[in-house]
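**Student:** FYI, in full-length UniProt numbering the residues of the sequence shown are 1 to 82.
We treat Cβ as the ideally placed atom computed from N, Cα and C, and that holds for glycine.
Note that the structure is predicted; figures quoted are calculated from it, not measured.
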Amino acid sequence: GRKVIVYFYPAALTPGCTKQACDFTDNLDLLTNAGYDVIGVSPDKPEKLAKFRDTENLKVTLVGDPSKETLEAYGAFGEKKL
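1. Hey, quick one: how far does the beta strand (DSSP E) through Leu62 stretch, first residue to last?
2. Output the boundary residues of the alpha helix (DSSP H) element that contains Phe24.
3. So, is Asp65 buried or exposed, given that buried needs 16 or more other C-beta atoms within 10 angstroms?
4. Considering Cα atoms alone, identify which of Arg2, Lys3 and Tyr9 is closest to Glu72.
5. Once the 5 residues before and after Gly78 are set aside, which same chain residues still bring their CB inside 7 Å of it?
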């Protein structure tokens, strides 16, 4: 079977999240050849993710979680704890 890298980000089309998604896209061939799939999850709606994908020419799979149910289940959304 394949391994999956799931990464969470707070918002599409923001500088930090764009850099992260572009870095994964730039290294996608290397990751794919090593047996990994990459999935990015954010609270964004599908329309915003489509714009993000098209604007930045992203090749990674992006999934929206507007209800934040999955993000919260993984502890990837909520009040910052420092």
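**Tutor:** This is what the structure gives:
1. Segment Thr61 to Gly64, the beta strand (DSSP E) holding Leu62.
2. Element bounds for Phe24: Pro15 to Asp26.
3. buried
4. Of the listed residues, the one whose Cα sits closest to Glu72 is Tyr9.
5. Cβ neighbours of Gly78 beyond the five flanking positions: Glu72.
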